[in-house]
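Residue numbers (UniProt numbering), protein chains in the order written: chain P, 1 to 379; chain B, 1 to 379; chain D, 1 to 379; chain F, 1 to 379.
For glycine and all other residues, C-beta sits at the position ideal for the given N, C-alpha and C.
Report on the following structure.
There are 4 protein chains.
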Amino acid sequence: MSKKIKLGILGGGGDSLIGILHRVASSMYDKYELVGGVFNPEKSESIKFAEKIGIGTDRIYKDLDELVSEENKLPETERIQVVSILTPNFLHFPMAKQLLENGFNVICEKPMTTTYKEARILEETQKQSGAIFAVTYTYTGYPMIRQMKEMIASGRIGKIQKIDVQYYQGWINPIIHDEEKRANTWRLDPEKSGISCCVGDIGTHAFDMIEYVSGLEVQKVLADLNYLYKDNKMDIDGTIMLRFSEYVKGIIRSSQIATGEENNFTVSIYGEKAGLKWEQENPNYLYLMEDGEPMKVLKPGHPYNSDLSLDGTKLPPGHPEGIFDSMGNIYKGVARAINKEDYHPGEFPTIKDGIRGMNFIEKAVESHNKGNVWVKIDE
Amino acid sequence: MSKKIKLGILGGGGDSLIGILHRVASSMYDKYELVGGVFNPEKSESIKFAEKIGIGTDRIYKDLDELVSEENKLPETERIQVVSILTPNFLHFPMAKQLLENGFNVICEKPMTTTYKEARILEETQKQSGAIFAVTYTYTGYPMIRQMKEMIASGRIGKIQKIDVQYYQGWINPIIHDEEKRANTWRLDPEKSGISCCVGDIGTHAFDMIEYVSGLEVQKVLADLNYLYKDNKMDIDGTIMLRFSEYVKGIIRSSQIATGEENNFTVSIYGEKAGLKWEQENPNYLYLMEDGEPMKVLKPGHPYNSDLSLDGTKLPPGHPEGIFDSMGNIYKGVARAINKEDYHPGEFPTIKDGIRGMNFIEKAVESHNKGNVWVKIDE
Amino acid sequence: MSKKIKLGILGGGGDSLIGILHRVASSMYDKYELVGGVFNPEKSESIKFAEKIGIGTDRIYKDLDELVSEENKLPETERIQVVSILTPNFLHFPMAKQLLENGFNVICEKPMTTTYKEARILEETQKQSGAIFAVTYTYTGYPMIRQMKEMIASGRIGKIQKIDVQYYQGWINPIIHDEEKRANTWRLDPEKSGISCCVGDIGTHAFDMIEYVSGLEVQKVLADLNYLYKDNKMDIDGTIMLRFSEYVKGIIRSSQIATGEENNFTVSIYGEKAGLKWEQENPNYLYLMEDGEPMKVLKPGHPYNSDLSLDGTKLPPGHPEGIFDSMGNIYKGVARAINKEDYHPGEFPTIKDGIRGMNFIEKAVESHNKGNVWVKIDE
Amino acid sequence: MSKKIKLGILGGGGDSLIGILHRVASSMYDKYELVGGVFNPEKSESIKFAEKIGIGTDRIYKDLDELVSEENKLPETERIQVVSILTPNFLHFPMAKQLLENGFNVICEKPMTTTYKEARILEETQKQSGAIFAVTYTYTGYPMIRQMKEMIASGRIGKIQKIDVQYYQGWINPIIHDEEKRANTWRLDPEKSGISCCVGDIGTHAFDMIEYVSGLEVQKVLADLNYLYKDNKMDIDGTIMLRFSEYVKGIIRSSQIATGEENNFTVSIYGEKAGLKWEQENPNYLYLMEDGEPMKVLKPGHPYNSDLSLDGTKLPPGHPEGIFDSMGNIYKGVARAINKEDYHPGEFPTIKDGIRGMNFIEKAVESHNKGNVWVKIDE
């Protein structure tokens, strides 16, 4: 009998792209078996989808309640061990909470919740459950990001003195400049999407990445958001100054109106001894710049990389891996945690990342609304 | 019951990287289920490996004979439908032949056989069987390669007038410059690896790629191979002039002694109206150069791409996909063929690619041995 | 007799790099003849330098007073027509003032003065003199910057909605982290260098470039500067939010502690229809990104460029020109103005650029000192 | 009185681009003074041109004979010391010969002559005259090419095992595909342009560069040229295999039908320990690839570069210099030679480069005409 971890999925049916990403990621290291879940609000659709993706339909449930109660009837060894939550954002919190309360491990898409308050509640629930909880800040799974983290931790660039992270996209242009469209898209409706569009969706990736690779914590933020039109209720561009300590500063630049940009997420960290740069669209290159030395271009799979980085590369140098592979690495880390194997804390983002991300979003909006003033991030 | 295609694998056990590549690729579009095979020469090892990758062990066989006879006892709907051959090169031919003779569809790693003669025999076998046969020239699955093929076919660059393909690696350096190592590696032993090392391993990728994207056929070759040392029996570098017709010429430059290169496979095709360039290590960029126009940089997932290209992209622009995704596209095409769905002939390389590749290798070596003279490729 | 414009230079002697830049630039279009000046504070040194660079010594003067009085004794047709000021910053203002008052045209290195007040005085002087006055914001002379300016002016990218300019260097690291060095370098001494180091030296380039290419004017700024050490009196890093109008925002990121960066000055302008990007270290590429179109890479010398851009390219496409050529273009524009030929207002930066630059520096420092608040730029 | 070297120029009048290049180059290091010459076949045009570029007209001559006889009447210290030959190719030889015979130093554009035989004669003349003779293979003046040469000479990449040089352009497309144009352009008329178009114009740059940077000499060549049309008399594409010794091989790929390419000249040299790559269109980057190390990107102006490289950089790192600066470096080297100062043999190409270049062209055409066979280069 298969010893793979039994995986359930909530959401991700139909033409969902996030569904494809998670299914492929789960299969990359032969560690998971997708056994069921709730792919669609309509059970009949869920069943059709199960058939389409070629899995059994006996563990397709009409909703999470049914999943929880039916799975819990099974002997522990046959039960779904971990559930991936890919539903619309506002469902992340109640679903994650219910799953944790019922002993399931959870892999949750970001944003983890819709408010910071929910995030804090979830933290309590998770502590009590002792279950594994991962938030899929996908980009942290890239081998060269892991290498960056380890080089910084080892002192390779010296004390950090400046951080600059950009996350630029241009996709919202056709919507934002059309009065009717901007009034009617759920993305720009605070009822449906929470208090922030740009900062909430991509600024938060930048924030998490900074804390992930640098090991530093942001202490306060000063944000200037842009809404472009008086009748638009959600930010679609946000520039956020960061303070790590009195003399260590940083900046997050996020935008959905950077026309022509696709998913241009770049991370630059400057230390007293060297700088490191990485670009998401060319993820297999890490640039090390040392005073007075030729720039070095590190690539995945070479023995000069750290164990954490090498663990995330499947093929030899020169065989490019991408975002599916990055998510696959996060799933691998979660599998190790579930299987109680040794793993590195950098293998997957945890509830702490989710909590800080939610806090960041709220503080950024607060800073903007107060007139671009400094606002503290909670400790 | 799952409607996935039942897949068997020969080879790919232990730490095999090619095994990982094929397993992940097969899972990318929810179309295959790996049900068994022969992963190792030792059945006990195969079983251990099956357990490790979390699949059932009841269809793990001691060898291909057993696989064929046991599977054929099963009702047709339960039988393994397609077998991927990932064993050492000299086994490709006999295994593929036996599988075809017994009605199995085949996915075969390259080189398809060890001689052109074998390739021709296999062609006959395949014709008689009517089975699907794919050779995994992996790089043809990249979305921007498919886009290149379609743009050329549609006349976008005009009549082709020049082709230049490079495949440079540097990995053999530590072996070739060590007298003992070069005498003892199986890679440089003609008994084990056929008549060519560099041309056979990577020159053949270049050759197949040229015919794939350009739609042209090479008519003759003039090769200059390099062995570097008198006692070395296999080429580790090969430059090959190509003639497509009297005035349409090309060049393949392949090397394993291009020190520092990883897997630098680049394709440049120049037509009367425009040129197209692509680099394997940055596979998500296709460069279109038209006389007097700014260079255009095409990327996957945009509506301006062809259907064949778009079919091979899973996420929106700016989310880099890599070589696993490329192989996944080939597996998807094979699945469509097996399921008798419509598919584009460019979705996977066929036995014809395998045959021409074998012929190319032999003709290149012949050209070199005769003193760098022109030698015709069979039609 | 030569009809070249007679050029004098103040400063730029010895090993001065800025001296080489101006001399070469002045010679690029056969329009200037360097006839004399004051290269060094010591006249004997000036004479030695004149001999070294192979010009006559009869018009080498002991100081500016002598230059002015002696040159004014010559018939107008023989007199020095334009003087380039390359002396230390605090001398720019008095020298420029004296030259203008005596009817000389002036080419002045940046910063034009050390205070905004001085800049305003100089403006008056220049108005009264009617002389040509250029400030050498060198980077505005690059052909692809000129092309960017013209494309924006022509509406190619639509209404501008976001501007992001970076100017990152890392050269100050060895000084700033050494207590003694940072206490003693003139660069970090407000007495010698004015009120700002980073913003004054490079932030101001970013500011001028933004107004040059976009045609917009910055209305207010919110700056966060960094001094890194309590005992350091001058900013060595500055992030400055910009407001062009209620909904058009921008950012300048300037740093001298971006370890490993050389002269990484990049300009990104996003409009409603397209974005444009340019990098100073690769100045012959201009990236045009339009929604849903492949990115286009424009290069100098092609007929698709504007007249202003083409005027600044001397050789056909593919022959890279650099910063000397950029400065040469500014000198060419000034020559046309002096010769009363037609010229485009984009050919050289004027006193207005100098004035706004000084105002920007003071307002940025004020914003920082007041606790990172918005401060208006004068109209 | 100016101690600059007195420079005369033959050709380069009117709108000549090569004229601009040489004039600017000569002025870059304050070492030359252009005093006269013969810019146009018509003396009145030459005088007009002299006025336009602002030099005296008293040393503008009607032809070379007059220049030689008049200049020789002047006292030696006032005489033109060096003459740059920028006339049509067929005039290079007779002009250079006459100048050398009359004691002038010569800077000659490439190709040095129209035949190898002429080149050999010129060699004799130069030997007898003892004058300085430089051939302007401009690209050898780039700082990173000089750095490449020095790194190879110092053993940094180990014994060279493979050389690959590309020189691709696409400019001839509009001519070659038009029957009338290709019949009537002087470029494709052997009477006017010698025996080769592509190899003669750009292949020869590749050949010279290889010998310049590698320190190796090509022993034999096997060329495959392309004429594209039966009625076309001159090659417009040439691929040339190179043999340096039994096991050291190389390739030159040159083309004028590589549609969309501008001036894509790239040099790749692979040694036993490392590889080096350089691209003319991005001349300020040199890529060092060592087995198992991150690629290093060297840039001009850093102390890690050799003296020869640093001598060719005028500004600090991050200030891009280009082709004018490259030619300026060659002029600087010639000035040192004329002034009998110490100089490095790598500072300018000599008559030997010119001779080997002419021999290469003839041997490449011979190889092609004989049916793509190996032909020896003279020693």
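For residue 133 of chain F, which beta-bridge partners are listed by DSSP?
The residue you call residue 133 of chain F lines up with position 133 of the fourth sequence. Looking at the DSSP assignment, residue 133 of chain F forms a beta bridge with F:106.
As an exercise, report each continuous alpha helix (DSSP H) stretch of at least 4 residues that is fully enclosed by the UniProt domain "GFO/IDH/MocA-like oxidoreductase" (145 to 276) of chain B, in chain order.
Runs of the alpha helix (DSSP H) inside the UniProt domain "GFO/IDH/MocA-like oxidoreductase" (145 to 276) of chain B: 173 to 176, 179 to 184, 190 to 193, 204 to 214.
Could you tell me the alpha carbon to alpha carbon distance between residue 138 of chain B and residue 326 of chain B, rounded to whole angstroms?
The sequence position of residue 138 of chain B within the second sequence is 138, counting from 1. The sequence position of residue 326 of chain B within the second sequence is 326, counting from 1. Each residue's alpha carbon lies about 6 Å from the other.
Against chain B, does residue 30 of chain P count as a neighbour if the rule is that its beta carbon must be under 8 Å from one of theirs?
On the first sequence, position 30 is the one that residue 30 of chain P refers to. Yes, residue 30 of chain P counts as interfacial toward chain B.
Whole angstroms is fine: what's the gap from residue 252 of chain P's alpha carbon to residue 223 of chain P's?
For the purposes of this step, residue 252 of chain P is identified with residue 252 of the first sequence, where counting begins at 1. For the purposes of this step, residue 223 of chain P is identified with residue 223 of the first sequence, where counting begins at 1. Roughly 9 Å between the two C-alpha positions.
For chain D, is any of its Cβ atoms less than 8 Å away from the one on residue 44 of chain F?
Start at 1 with the first residue of the fourth sequence, and residue 44 of chain F comes out as number 44. Cβ-Cβ to chain D under 8 Å: no for residue 44 of chain F.
Suppose contacts are defined by Cβ-Cβ distances below 8 Å. Is residue 390 of chain D in contact with residue 84 of chain D by that definition?
Past the boundaries of the shown model lies residue 390 of chain D; chain D is included only from 1 to 379, so the question cannot be answered.
Tell me which residues share the same chain as residue 353 of chain F and place their Cβ nearer than 7 Å to its Cβ, disregarding the 5 neighbours each side in the sequence.
Looking up residue 353 of chain F in the fourth sequence gives position 353. Closer than 7 Å at Cβ, skipping near neighbours: 135, 137, 208.
When you compare the stretch 149 to 164 of chain B with the stretch 302 to 321 of chain B, are there three or more beta-carbon pairs, one atom per stretch, that lie closer than 8 Å?
Output reads yes: the stretch 302 to 321 of chain B touches the stretch 149 to 164 of chain B.
With a Cβ-Cβ cutoff of 8 Å, do residue 68 of chain D and residue 106 of chain D count as a contact?
Position 68 of the third sequence, counting from 1, holds the residue named residue 68 of chain D. Position 106 of the third sequence, counting from 1, holds the residue named residue 106 of chain D. Contact flag unset, no.
Any beta-carbon of chain D closer than 8 Å to the one on residue 379 of chain P?
If you number the first sequence from 1, residue 379 of chain P lands on position 379. So, not an interface residue.
Can you tell me whether residue 58 of chain F is buried or exposed, with buried defined as 16 or more other CB within 10 angstroms of its CB?
Here the question's residue 58 of chain F lines up with position 58 in the fourth sequence. The residue is exposed, with fewer than 16 neighbouring Cβ atoms inside 10 Å.
Taking residue 306 of chain P as part of the beta strand (DSSP E), name the residues at either end of that continuous run.
By 1-based counting over the first sequence, the position of residue 306 of chain P is 306. That residue, residue 306 of chain P, is in no beta strand (DSSP E); it is neither H nor E in DSSP.
Please name the residue in D:257, D:110, D:155 whose C-alpha comes closest to that of residue 349 of chain D.
Along the third sequence, one-based indexing puts residue 349 of chain D at 349. Considering only alpha carbons, the answer is D:110.
Please decide whether residue 277 of chain F counts as near chain P, where near means a Cβ-Cβ distance under 8 Å.
In the fourth sequence, the residue the question calls residue 277 of chain F occupies position 277. For residue 277 of chain F, the answer is no, since every Cβ of chain P falls outside 8 Å of its Cβ.
By Cβ distance below 6 Å, which residues in the same chain neighbour residue 239 of chain F in space, the five residues on each side in sequence not counted?
As a first step, residue 239 of chain F must be located in the fourth sequence, where it is residue number 239. For residue 239 of chain F, where only same-chain residues beyond five positions count, the Cβ hits under 6 Å are 224, 253.
Taking only the alpha-carbon atoms, compute the straight-line gap between residue 362 of chain D and residue 195 of chain D and give it to the nearest angstrom.
Residue mapping note: residue 362 of chain D aligns to position 362 of the third sequence, counting from 1. Residue mapping note: residue 195 of chain D aligns to position 195 of the third sequence, counting from 1. Cα to Cα, the separation comes out at about 8 Å.
When the Cβ atoms of the stretch 274 to 284 of chain B are set against those of the stretch 255 to 262 of chain F, are three or more pairs found closer than 8 Å?
Output reads yes: the stretch 255 to 262 of chain F touches the stretch 274 to 284 of chain B.
Tell me the DSSP bridge mates of residue 287 of chain P?
The residue you call residue 287 of chain P lines up with position 287 of the first sequence. Its beta-bridge partners are P:277, P:297.
Quick one: what does DSSP say residue 1 of chain B is sitting in, helix, strand or coil?
Residue numbering aside, residue 1 of chain B sits at position 1 when the second sequence is read from its first letter. Unreliable positioning characterises residue 1 of chain B in this predicted model, as indicated by a pLDDT of 45, which lies under 50. The coordinate reading is nonetheless provided below. Residue 1 of chain B falls in the coil class under three-state DSSP.
Excluding sequence positions up to five away, which residues of its chain have a Cβ less than 8 Å from the Cβ of residue 377 of chain P?
The sequence position of residue 377 of chain P within the first sequence is 377, counting from 1. These residues qualify, in order along the chain: 217, 218, 219, 220, 221, 356, 359, 360, 363.
Among the residues of its own chain, which have a CB less than 7 Å from the CB of residue 21 of chain P, if the five just before and after it don't count?
For this step, residue 21 of chain P is matched to residue 21 along the first sequence. Same-chain partners within the cutoff: 324, 327.
In chain order, what residues of the same chain lie with their CB nearer than 8 Å to the CB of residue 211 of chain D, ignoring the 5 residues before and after it?
Here residue 211 of chain D corresponds to residue number 211 of the third sequence, with the count starting at 1. So the list reads 217, 218, 353, 356, once near-sequence residues are dropped.
Identify every run of the beta strand (DSSP E) within the stretch 57 to 120 of chain D, keeping only runs that are complete inside it and at least 3 residues long; order them along the chain.
Runs of the beta strand (DSSP E) inside the stretch 57 to 120 of chain D: 82 to 85, 105 to 108.
Between the stretch 1 to 30 of chain D and chain F, which residues of the former have CB atoms less than 8 Å from a CB of the latter, in chain order?
Per Cβ criterion, the list reads 1, 2, 3, 4, 17, 20, 21, 23, 24, 27, 28, 30.
Relative to the C-alpha of residue 154 of chain F, which residue among F:44, F:226, F:214, F:126 is closest?
Within the fourth sequence, the letter at position 154 stands for residue 154 of chain F. When only C-alpha atoms are compared, the closest one is F:214.
Answer with yes or no whether the minimum CB distance from residue 205 of chain P to chain B is below 8 Å.
Sequence index remark: in the first sequence, residue 205 of chain P carries index 205 (1-based). No, because no Cβ of chain B sits closer than 8 Å to the Cβ of residue 205 of chain P.
What is the rounded straight-line gap between the Cα of residue 115 of chain F and the Cα of residue 89 of chain F?
Position 115 of the fourth sequence, counted from the first residue, corresponds to residue 115 of chain F. Position 89 of the fourth sequence, counted from the first residue, corresponds to residue 89 of chain F. Rounded to the nearest angstrom, the two C-alpha atoms are 10 Å apart.
DSSP has residue 375 of chain F in a bridge; who is on the other side?
Working through the fourth sequence from its first residue, we reach residue 375 of chain F at position 375. For residue 375 of chain F, which the question treats as bridged, DSSP gives the partners F:221.
Tell whether a beta-carbon distance below 8 Å holds between residue 269 of chain P and residue 202 of chain P.
As a first step, residue 269 of chain P is located in the first sequence; it is residue number 269 there, counting from the start. As a first step, residue 202 of chain P is located in the first sequence; it is residue number 202 there, counting from the start. Their beta carbons are not under 8 Å apart, which means residue 269 of chain P does not touch residue 202 of chain P by this criterion.
Within 8 Å, do at least three Cβ pairs link the stretch 178 to 198 of chain B to the stretch 225 to 239 of chain B?
Touching, yes, given that three or more Cβ pairs across the two stretches are closer than 8 Å.
Leaving out five residues on either side along the sequence, give the residues of the same chain with a beta carbon under 8 Å from the beta carbon of residue 343 of chain F.
The residue labelled residue 343 of chain F in the question sits at position 343 within the fourth sequence. 333, 336, 337.
Measuring straight from C-alpha to C-alpha, what distance separates residue 1 of chain B and residue 289 of chain D?
The residue labelled residue 1 of chain B in the question sits at position 1 within the second sequence. The residue labelled residue 289 of chain D in the question sits at position 289 within the third sequence. Only weak support exists for where residue 1 of chain B lies, its pLDDT of 45 falling under 50; the value from the coordinates is given anyway. Distance between the alpha carbons of residue 1 of chain B and residue 289 of chain D: 49 Å.
Which residue marks the beginning of the beta strand (DSSP E) containing residue 331 of chain F, and which one marks its end?
The residue labelled residue 331 of chain F in the question sits at position 331 within the fourth sequence. That residue, residue 331 of chain F, is in no beta strand (DSSP E); its alpha helix (DSSP H) goes 323 to 338.
Cutting at 6 Å between CB atoms, please list the residues of its own chain near residue 104 of chain F, excluding the five before and the five after it.
Within the fourth sequence, the letter at position 104 stands for residue 104 of chain F. Same-chain partners within the cutoff: 83.
Under a three-way DSSP split, which group does residue 343 of chain P fall into?
For the purposes of this step, residue 343 of chain P is identified with residue 343 of the first sequence, where counting begins at 1. Three-state DSSP puts residue 343 of chain P in coil, outside helix and strand.
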